[in-house]
Amino acid sequence: MTVSTMVVWGVVIGGLLLSLKPLGTYMYKVFTFQPTLFDRPLKPLENVIFRLIHVSRDSEMTALEYGVSFVLMNMLWALMAYTLLRVQGLLPFNPQHFPNLNAPLAFNTSASFTTNTNWQAYSGENTLSYFSQFAVLEFLQFVTPASGGAVGLAFIRGITGRKLGNFFVDLTLLLTRVLLPLALIFGVAFVAAGVPDTLGPYLHLHTLTGQTQIVPRGPIAGWEAIEHLGQNGGGFTNANSANPLENPSALTNVLQSIAMGLVPVAFFYMFGLFAGKRRLAWTLIAVAGTLFLAMLAMIYFPEASGNPVINLLGLSGHGNYVGTELQQGIGGTSIFETASNAFTTGSVSAANDSFLPIPSLALFLGMFLNMVFGGKGVGLLNMLMFVLLTIFLMGLMVGRTPEFLGKKIEAKEISLTAIAFLLHPLLILVGSAIAVATPSGMAGVFNPGPQGLSEILYAFTSGAANNGSALGGLGASLPFYEIAIGVVMILGRYASVVLMLLVAESLWQKKAVPETSGTMHTDTPLFASILLGAIIVLNALTFFPIMALGPLAEHYLLVAHHVFS
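Counting from 1004, one number per residue, gives the positions in the sequence shown under this note's numbering.
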């Protein structure tokens, strides 16, 4: 491992560790309506918004009302985005004169950005106008992560014995107090670091060989800020953060890696403050952090060792640089890709399709778990889903009704949690099975053998996890994948969230029971170890068979120096 790699990793991980407590504390004060430094400039604006939508800061909703508000607002945004994309050619800020999007692509794109997935079946620089980029999709990159964070807040309140709050109040505060200020800071930083931000047309440059090179540009710096702060992940250009216009240096690579994790990690600490159990927050952070480091190791060390077949030929002894942006190197690429899949962002700084099988498996792992910090609020929600399942399993083993934060975990909560847990693999495996079994699905497969299966599986996993990245090599622009992945994104986003809101409301309505000598403590190293084991076992039982046919099969074939062509 090089010194530069250790420095980059240290800055990213250290930055997240240093920021989680102050940012988590600040967010706790915001959402418990305690005074903060930004009250004077922002409260008048927020009060105007609340008057316009006829809500007050202290208004409350039931789980059903909160969930319906969440889904309906997202549907409204999706309809708006679909309509504007369908008439893109008639709208302003289109210096390249791009035409309207067709119906399947407009549906896929609106579903993708509304669900915070940002799966892209198009190339931004030759498909979308500036208006579509900043007024449609960048708008969605603010409001959809804020809506997901609002649901996470409601779940935190319910599971810690509070009323759920009001969706529109939480949405507004997440925008005005968290995302907009951070996006302003990072946007200015990206401009200073060399990321372009302009509404001018593409540049036509004459090269030394006499050819004309078209250089796409646009309002990229502002896009990059919210792309990563909101765990959105959709790139302004097709190459995403592997494009030097989006990610021109090691500095921007580090800033983007940190931006992805700021709010999700702070949510974990904020939960501890809501629960009055900071040790529990640190326990969950330790579990997620362990999985994060495992993913990082699974990506870096195989890539640094190189491709076994290429090494056998004596052509490379310095790692697998195929598809890697050289200025970031394997170390910078590894931390970026780990952060992107751990925090469910989905942006890429390399060609994922060129990764070796074990690094590809690490990318799958982040999306299968969907709680290695995950997206803001939703990642914590998924972690607490595993906590409830683990407590239930422990209760079965000792013959005791499980409890969490003083509330009994009974049949209703476990049934809803189990359905939410099973929904994720169901969407992935059924979607992949249909793709493999139908001519429409197989028409988009261009790589033979295990890699082709991995690409199909990755596409549906990315959609279900609201991640949005792709292995590449798959015909994602075919109508079959545009529609199928669009449906998976919608179900993966909304169904499990509404189920977990019902769990939160059920726990809030229960009376707290006093702690006894038989109460399981969830803030100890022992519980952290059991939780980590339960997470690994539950997901291994679910996904190991299909992984054995995809990345694992490809790995052992590669070790045996066999390749598909």
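Beta carbons are placed, not taken as given, at the ideal position from N, Cα and C, and that holds for glycine.
Starting from residue i and walking both ways along the alpha helix (DSSP H), at which residues does that stretch end?
i	result
Ile1412	From DSSP, Ile1412 is part of no alpha helix (DSSP H); its letter is neither H nor E.
Leu1494	1482-1512
Leu1174	1170-1176
Leu1329	Taken as a continuous stretch (DSSP letters only), Leu1329 belongs to no alpha helix (DSSP H), as it is neither H nor E.
Leu1185	1183-1195
Gly1070	1066-1089
Arg1054	1042-1055
Ser1007	1006-1034
Tyr1272	1253-1278
Glu1306	1281-1308
Arg1160	1141-1162
Ser1532	1528-1552
Tyr1461	1452-1467
Asn1385	1381-1401
I need the boundaries of the beta strand (DSSP E) containing residue i, first residue and last residue.
i	result
Thr1215	1215-1218
Leu1208	1206-1209
On a CA-only basis, which of the options is nearest residue i? Give me that one, please.
i	options	result
Val1191	Ala1153, Ser1244, Thr1255	Thr1255
Ala1423	Phe1389, Gln1454, Val1439	Phe1389
Ser1457	Leu1055, Gly1495, Phe1101, Ala1473	Ala1473
Ser1465	His1427, Val1500, Ala1556, Thr1163	His1427
Ala1245	Ala1300, Ala1353, Val1540, Pro1311	Ala1353
Thr1201	Lys1166, Gln1136, Ile1052	Gln1136
Ser1308	Gly1238, Gly1334, Leu1067	Gly1334
Gly1398	Ser1007, Thr1215, Ile1533, Val1146	Ile1533
Phe1570	His1100, Asn1169, Leu1045, Pro1095	Given a span of 1004 to 1568 for the chain in the structure shown, any question on residue 1570 remains unanswerable.
Gly1033	Leu1019, Leu1178, Ala1109, Leu1104	Sequence check: residue 1033 is Val here, not Gly. Here the closest residue by C-alpha is Leu1178.
Tyr1031	Arg1281, Gln1330, Leu1368, Thr1215	Arg1281
Leu1387	Thr1175, Pro1025, Met1374	Met1374
Gly1478	Asn1450, Tyr1303, Leu1287	Asn1450
Val1194	Gln1259, Lys1166, Pro1148, Phe1145	Gln1259
Phe1239	Leu1131, Pro1047, Met1301	Leu1131
Thr1120	Pro1148, Arg1165, Phe1096, Pro1098	Pro1148
Phe1101	Gly1264, Trp1080, Phe1134, Tyr1303	Phe1134
Val1578	Trp1080, Gln1331, Leu1026, Asn1097	Look at the range of the chain in this structure, 1004 to 1568, and you will see that residue 1578 is not part of it.
According to the neighbour-count rule (16 or more other Cβ atoms, all chains shown, within 10 Å of its Cβ), is residue i buried or exposed?
i	result
Met1370	buried
Ile1538	buried
Glu1518	exposed
Lys1514	exposed
Gln1091	buried
Gly1017	exposed
Thr1212	exposed
Asp1061	exposed
Asn1323	buried
Ser1418	exposed
Phe1463	buried
Tyr1303	buried
Ala1440	exposed
Phe1277	buried
Pro1305	buried
Alpha carbon to alpha carbon, what distance is there between residue j and residue i?
i	j	result
Ala1421	Leu1392	8 Å
Met1076	Val1562	50 Å
Trp1226	Glu1508	36 Å
Met1445	Glu1485	14 Å
His1057	Phe1171	10 Å
Phe1142	Leu1318	47 Å
Phe1275	Trp1285	Going by the sequence as given, residue 1275 is Gly instead of Phe. Taking the straight line from one Cα to the other gives about 8 Å.
Val1139	Val1071	23 Å
Val1014	Leu1021	10 Å
Thr1118	Asn1469	7 Å
Ala1498	Glu1416	15 Å
Gln1037	Ser1059	16 Å
Leu1185	Leu1299	26 Å
Pro1044	Leu1174	18 Å
Pro1267	Gly1292	12 Å
Leu1082	Gln1214	42 Å
Ile1459	Phe1483	12 Å
Leu1023	Gly1447	42 Å
Glu1063	Val1051	19 Å
Asp1042	Ala1289	33 Å
Ala1253	Leu1208	26 Å
Could you check whether the Cβ of residue i sits closer than 7 Å to any Cβ belonging to chain D?
i	result
Leu1399	The question asks about chain D, but that chain is absent: this structure has only one protein chain.
Using a threshold of 6 Å, is the CB atom of residue i nearer than that to any non-hydrogen atom of the ligand ADP?
i	result
Leu1055	This structure does not include the ligand ADP; it has no bound ligands of any sort.
(request) Determine, using beta-carbon pairs with one atom in the stretch 1359-1370 and one in the stretch 1379-1393, whether at least three such pairs fall under 8 Å. (result) Not touching, per the Cβ criterion.
(request) Could you say if the stretch 1127-1143 and the stretch 1213-1233 meet the contact criterion of at least three C-beta pairs nearer than 8 Å? (result) yes
(message) Taking contact to mean 3 or more Cβ pairs, one atom from each stretch, closer than 8 Å, check whether the stretch 1153-1164 and the stretch 1495-1511 are in contact.
(response) yes
(message) Pairs of beta-carbons, one from the stretch 1334-1350 and one from the stretch 1230-1239, closer than 8 Å: are there three or more?
(response) In short, these stretches touch, since the Cβ pair count reaches three.
(request) Evaluate contact between the stretch 1401-1408 and the stretch 1522-1533, counting only Cβ atoms and requiring at least three cross-stretch pairs below 8 Å. (result) The stretch 1401-1408 makes contact with the stretch 1522-1533: 3 or more CB pairs, one atom from each, lie closer than 8 Å.
(message) Under 8 Å, with one C-beta from each stretch per pair, do the stretch 1185-1199 and the stretch 1248-1267 reach the 3-pair mark?
(response) yes
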